[in-house]
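S.K.:
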DNA sequence: AAGATTTCCTACTGAATTTATATAATAAGT
DNA sequence: ACTTATTATATAAATTCAGTAGGAAATCTT
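Residue numbers (our numbering), protein chains in the order written: chain A, 157 to 303; chain B, 157 to 303.
Take a look at the structure:
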C-alpha cells in the first residue's frame with residue numbers, strides 16, 4: 157500500500173476541520189466520531205499536523221483545532237507526505253542507498269515515471285478541490301458525503 | 157511502498173530472460189547472480205510467473221526458462237499485479253469491504269484518480285519499451301545497464 | 001545405472017511496520 | 001475544585017516483508 161490508514165485518516169481529519177470549523181474550534185472527539193477513527197490514534201496524527209503548523213490548537217473547554225491556512229493552500233501531497241514520510245512507490249526512490257545498482261538500473265526510469273504520475277495527482281489536488289467535489293455531489297446516491 | 161522488492165525482482169527477472177534468452181534457456185542461478193537476488197527467493201517468484209504461463213521452464217542440465225511470448229506482449233502492470241496481487245494505492249480500493257464509508261467518501265474520488273495515474277504508467281509500459289530504454293542508453297554514465 | 005544439474009514444492013522464521021491501546025500530565029474554562 | 005480537552009510517552013497486537021531451509025522430481029551426461 158502506498159498510502160496507509162494513517163495518511164488517509166490525516167486527510168479526512170483535515171477535510172473534517174475544513175468543513176466543520178467555519179466559526180469555532182473543532183474537537184478531536186467529534187472528528188473521531190464523525191470519521192470513525194480511534195481517537196487515540198487520531199491524537200498521534202493531529203499531533204504531527206500541529207507540530208508542522210498545519211493546524212492551530214486550543215486547550216480546555218471550547219478548545220479544539222482550526223486550520224492554520226485556508227483549504228486552497230494545502231495540497232493532498234503536503235498532508236500525506238507529512239504523515240507517511242514519503243510517497244515513493246518503490247524503496248529505490250525513497251532511499252538512494254537502498255540499491256547500489258540504481259545508477260545503471262533500467263527499472264529506475266520506470267519508477268521515476270511512476271513517481272511523477274503519483275505526485276502529479278497528490279500535489280495537484282488541494283483540500284479546496286476535494287471540498288468542491290463533495291459540494292458538487294459527484295455521488296450516485298443521495299446521502300450527504302462525509303469525506 | 158506500492159511495489160515491494162518481490163515485484164521489482166519479478167520485473168528484473170523477466171527483463172533478464174528477455175535479454176539473455178535469445179537462443180537458449182536462461183538458468184535461474186545466472187539470473188540470481190546477474191541481478192543480485194537471493195536465488196531461493198527468486199524461485200518462489202518465478203514459480204508464480206511459471207504458473208501464470210508468463211514463462212516456460214525445462215528441467216535438468218540445459219534447462220532453464222524462456223518467455224512464453226515476446227516482450228511486446230508483457231506490460232509491467234501484468235507482471236507486477238501477478239506478483240504483488242494488486243497495485244491499489246489504498247486498501248479502500250483493493251478491498252471494497254475494507255470501509256463501509258466508501259460509497260460516500262470524497263477521498264475515494266482522489267484514490268481513484270491516483271489509481272488511474274498509477275495504472276496508466278504500469279499498463280502503458282511493456283518489457284519491449286524498457287529494453288528499448290536500455291539500448292538507447294538513457295544513462296549518463298558509460299556502464300552497460302543491467303536492468 | 002549413477003551422478004550431476006536444474007527446476008519444483010512447502011513450510012518456517014526474524015525483523016520491521018502498521019494500527020492501534022493505555023496511562024498520565026498539562027492547560028483552560030466555569 | 002471540577003470538567004473538558006489537548007499533549008506526551010510507552011506498550012502491544014497483528015500483519016506484512018524478505019528472505020531461509022530442506023528436500024523432491026525431472027532431465028541430461030557419462
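For glycine and all other residues, C-beta sits at the position ideal for the given N, C-alpha and C.
This one's a predicted model, so the numbers in the text were calculated from it and none came from an experiment.
Would residue 299 (chain A) be called buried (16 or more neighbouring beta carbons within 10 Å of its own) or exposed?
M.R.: If you number the first chain from 1, residue 299 (chain A) lands on position 143. Summary for residue 299 (chain A): the model assigns pLDDT 42, below 50, so the residue's position carries little reliability; its value from the coordinates is reported in the next sentence. Flag for residue 299 (chain A) reads exposed.
S.K.: Spatial neighbours of residue 182 (chain B) within its chain, please: C-beta separation below 8 Å, excluding the five flanking residues on both sides.
M.R.: In the second chain, residue 182 (chain B) corresponds to position 26, counting from 1. 172, 173, 176, 220, 221, 222.
S.K.: Give me the chain A residues within the contact set of residue 159 (chain B), using Cβ-Cβ distance strictly less than 7 Å, ordered along the chain.
M.R.: What you label residue 159 (chain B) is simply residue 3 of the second chain in a count that begins at 1. Going along chain A in sequence order, the residues near residue 159 (chain B) (Cβ under 7 Å) are 245, 246.
S.K.: Suppose you measure from the CA of residue 231 (chain A) to the CA of residue 276 (chain A); what does that come to, to the nearest Å?
M.R.: Mapped onto the first chain, residue 231 (chain A) falls at position 75. Mapped onto the first chain, residue 276 (chain A) falls at position 120. So the alpha carbons of these two residues sit roughly 11 Å apart.
S.K.: Where does residue 185 (chain B) fall in DSSP's three states?
M.R.: If you number the second chain from 1, residue 185 (chain B) lands on position 29. Reduced to three states, the DSSP call for residue 185 (chain B) is helix.
S.K.: Report the option in A:285, A:251, A:164 whose CA atom is closest to the CA atom of residue 201 (chain A).
M.R.: Residue numbering aside, residue 201 (chain A) sits at position 45 when the first chain is read from its first letter. Ranking A:285, A:251, A:164 by Cα distance to residue 201 (chain A) puts A:164 first.
S.K.: Quick one: what does DSSP say residue 256 (chain A) is sitting in, helix, strand or coil?
M.R.: For the purposes of this step, residue 256 (chain A) is identified with residue 100 of the first chain, where counting begins at 1. In this structure, residue 256 (chain A) counts as coil in the three-state DSSP scheme.
S.K.: Strictly below 7 Å CB to CB, what residues from chain A border residue 198 (chain B)?
M.R.: Mapped onto the second chain, residue 198 (chain B) falls at position 42. Correct list: empty, because the minimum Cβ distance to chain A is about 15 Å.
S.K.: Taking only beta-carbon atoms, is residue 176 (chain A) less than 8 Å away from chain B?
M.R.: Locating residue 176 (chain A) in the first chain gives position 20, counting from the first residue. It does not: the Cβ of residue 176 (chain A) has no partner Cβ on chain B nearer than 8 Å.
S.K.: In the structure shown, what three-state DSSP assignment does residue 246 (chain A) receive?
M.R.: Position 90 of the first chain, counted from the start, is the residue given in the question as residue 246 (chain A). Coil at residue 246 (chain A), not helix or strand.
S.K.: What three-state label does DSSP hand residue 129 (chain B) in the structure shown?
M.R.: This structure does not reach residue 129 (chain B), given that chain B is present from 157 up to 303, and the question cannot be answered.
S.K.: When you compare each of A:198, A:184, A:240, A:214 to residue 159 (chain A) by their alpha carbons, which one comes out closest?
M.R.: Residue 159 (chain A) sits at position 3 when you count from the first residue of the first chain. It is A:240.
S.K.: Which of the three DSSP states, helix, strand or coil, is assigned to residue 179 (chain B)?
M.R.: Here residue 179 (chain B) is taken as the residue at index 23 of the second chain, counted from 1. DSSP places residue 179 (chain B) in coil when its eight states are reduced to three.
S.K.: Whole angstroms are fine: how far does the CA of residue 226 (chain B) sit from the CA of residue 263 (chain B)?
M.R.: Counting from 1 along the second chain, the entry for residue 263 (chain B) is found at position 107. Counting from 1 along the second chain, the entry for residue 226 (chain B) is found at position 70. Distance between the alpha carbons of residue 263 (chain B) and residue 226 (chain B): 40 Å.
S.K.: For residue 258 (chain A), decide whether its Cβ has a neighbour in chain B, counting only Cβ atoms nearer than 8 Å.
M.R.: Within the first chain, the letter at position 102 stands for residue 258 (chain A). For residue 258 (chain A), the answer is no, since every Cβ of chain B falls outside 8 Å of its Cβ.
S.K.: Could you check what DSSP says for residue 163 (chain B) in three-state terms: helix, strand or coil?
M.R.: Numbered from 1 along the second chain, position 7 holds the residue referred to as residue 163 (chain B). Residue 163 (chain B): helix per DSSP, three-state reduction.
S.K.: Would you verify that the beta carbon of residue 222 (chain A) is, or is not, closer than 8 Å to some beta carbon of chain B?
M.R.: In the first chain, residue 222 (chain A) corresponds to position 66, counting from 1. So no, residue 222 (chain A) is outside the interface.
S.K.: What residues in its chain sit with their C-beta under 7 Å from that of residue 248 (chain A), if we drop five residues either side in the sequence?
M.R.: For the purposes of this step, residue 248 (chain A) is taken as the residue at position 92 of the first chain. If the five residues before and after residue 248 (chain A) are omitted, its C-beta is found closer than 7 Å to the C-beta atoms of 254, 255, 258, 264, 267, all from its own chain and listed in chain order.
S.K.: Residue 232 (chain B) by DSSP, collapsed to three states: which one?
M.R.: Along the second chain, read from residue 1 onward, the residue named residue 232 (chain B) stands at position 76. Correct three-state label for residue 232 (chain B): helix.
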